[in-house]
Amino acid sequence: MPTLTETIKQKALELGFDAVGVTRVPPGPPRSTQDSNPTNSENDLQRRLYTRLLEWLSHGFHGTMEWMAHNPERRSNPQAILPGCKSLISLGMNYYSPQFPNEAVGYGRIARYAWGEDYHRLFKRKLKRLESAILDLRPQSQTRRYADTGPVMEKAWAQQAGLGWIGKHSNLVSTEFGSWLLLGEILTTLELDPDEPTTDLCGSCSLCIQACPTGAITEPYVVDAEKCISYLTIEFRGGEEEISEERKYRIGNRIFGCDDCLDICPFNVHAQSTKDPAFQSSSLTLNPHLNTLLTLTEESFREHFQHSPIRRAKYEGFRRNISIAQNNSKRKPPLTSIQRS
Ligand code: B12
Ligand code: SF4
Ligand code: SF4
């Protein structure tokens, strides 16, 4: 007879998740806004997350992402989101496909995770079904589901749940799927059986740090978002004139997101093709021709990218990125420290 945890995990795999694991959320006094001192928590992981998040914020590494600074106690403590939360089920979806972007002059480059349908939508559909299955099994329990959309430090919980470890580029790396897992989770009041955390296998490797074109990985495991091309091309809402010439040059041909630190990771040798056709690229996302993209009107942008993560950059942001890439296409690309050595 399978246990409750085994039944839930089996259901997750049937729904098309590629990785699933459980962390027990240790009891600790829930932090209220009056009691925000992290040392009052008995919970080590929550305390570590809180401290690291505060440190990251104190350097201003979140740039204009003010939502990251909003209520850090809540972001580092699942019990502040779901009172009585006892377990967190981490879920991963493999989005790798063995295709490579056209890097010829005149083409832009879009990060892999944005080649197909928006993963937020995919996760939402599957998480909803898993949540219903859990509530059918235990109607008295309570749940919350998120995929990038909530105040949860997803990578740290996924590491605890055995999905992989946080690599020096600060993303989760899996021995099974390399760099290519997207993450979501269900918080539950159920007491589920925990998995073992994954051990950090980075060792003396620092390829991702060397491959970063902008030096955004300021030290192992820490990313200054303000320097990161992913931030500059997706989250940053300012105009072209608000980005320094040096930074614009280093953005190169990237028009939405950046995969350089993920691409270089030696653990990608194990990457497998995604089972989910929703992640497949189109010619517009795999070989985006800059001149063609510049002809997109706001309406056609909305139409083409309605169900794509690219929508997040907004029309103005996407146009800005294309214009930067077009200027860069007339120049010699910058060398990263790995290319110089
Ligand atoms: C804000 C954010 C960004 C920001 C900031 C990135 C960052 N590293 O924080 C920007 C816009 C730059 C960004 C970019 C990308 N993102 Co993002 N992002 C997030 C988000 C919303 C929050 C991350 C966060 O909490 N940051 C705050 C800081 C404090 O946390 P942190 O860097 O994770 O720090 C941890 C570790 O570094 C570690 N740590 C810190 N110091 C030390 C020291 C030691 C010694 C050790 C051992 C550990 C350690 O502890 C910290 C706490 O866990 C998450 C979703 C979520 N809710 O978690 C997605 C998420 C992390 N992003 C994701 C993706 C895919 C990307 C991109 C690859 C997209 C792309 N191709 O362009 C890039 C990768 C850039 C990079 N190298 O990080 C995925 C990552 C999946 C995975 N396998 O890990 C997530 C989980 C979304 C999802 N649901 O799948 N992102
Ligand atoms: S996503 Fe690109 S710019 Fe950001 S840390 Fe990785 S390599 Fe550097
Ligand atoms: S490239 Fe090397 S240091 Fe970076 S995450 Fe992969 S194994 Fe770790």
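Positions 36 to 376 (the numbering used here) are the ones given, in order, by the sequence shown.
Where a beta carbon is used, it is the ideal one built from N, C-alpha and C, also for glycine.
In this text, all values refer to a predicted model and were calculated from it rather than measured experimentally.
- The way I'd put it, the region 98-116 doesn't touch the region 197-207; fewer than three beta-carbon pairs between them come closer than 8 Å.
- For V60, the Cβ stays outside the 7 Å cut-off from all heavy atoms of ligand 2.
- Uninterrupted beta strand (DSSP E) stretches at least 3 residues long and entirely within the region 240-265 occur at 252-254, given in chain order.
- Excluding residues up to 5 positions away in sequence, F96, H204, S205, A251 and I252 lie with their Cβ nearer than 8 Å to the Cβ of V258 in the same chain.
- CA-CA distance, H342 to F336, rounds to 11 Å.
- Per DSSP, the unbroken beta strand (DSSP E) holding L126 starts and ends at S122 to N129.
- When secondary structure is reduced to three states using DSSP, T224 falls in the coil class, being assigned neither helix nor strand.
- 8 Å or more divides the Cβ of K161 from the Cβ of L242.
- Distance from the C-beta of I357 to the nearest heavy atom of ligand 3 is not below 7 Å.
- The continuous alpha helix (DSSP H) containing T327 extends over residues L325 to L329.
- S241 has its CB nearer than 7 Å to a heavy atom of ligand 3.
- Judged by pairs of C-beta atoms under 8 Å, the region 40-48 does not touch the region 183-190, as fewer than three such pairs exist.
- DSSP places I145 in the strand class (E or B) of the three-state scheme.
- Spanning the alpha carbons of F314 and A193 requires a straight line of approximately 21 Å.
- Taking S176 as the centre and dropping the five residues before and after it, the same chain places the C-beta of I169, L170, T223, T224 and L225 closer than 8 Å to its C-beta, in chain order.
- For G213, the three-state secondary structure derived from DSSP is strand.
- P229 and P133 have their alpha carbons spaced roughly 33 Å apart.
- When DSSP states are grouped into helix, strand and coil, F96 belongs to the coil group.
- In the DSSP assignment, G352 falls within the unbroken alpha helix (DSSP H) covering K349 to N363.
- Y131 and G213 have their C-alpha atoms spaced approximately 9 Å apart.
- Counting only the Cα atoms, V208 lies some 9 Å from N303.
- Distances between the C-beta of C300 and the heavy atoms of ligand 3 include at least one below 7 Å.
- The C-alpha of L126 is placed about 14 Å away from the C-alpha of P232.
- Shown here, T58 sits in a strand according to DSSP, grouped into three states.
- About 4 Å separates the beta carbon of Y85 from that of S111, a gap short enough to meet the 8 Å contact definition.
- In the DSSP assignment, T40 falls within the unbroken alpha helix (DSSP H) covering L39 to E49.
- As DSSP reads the structure, L207 sits in a beta bridge with I201.
- Scanning its chain for C-beta atoms nearer than 6 Å, with the 5 sequence neighbours on each side dropped, one finds around N363 the residues G287, in chain order.
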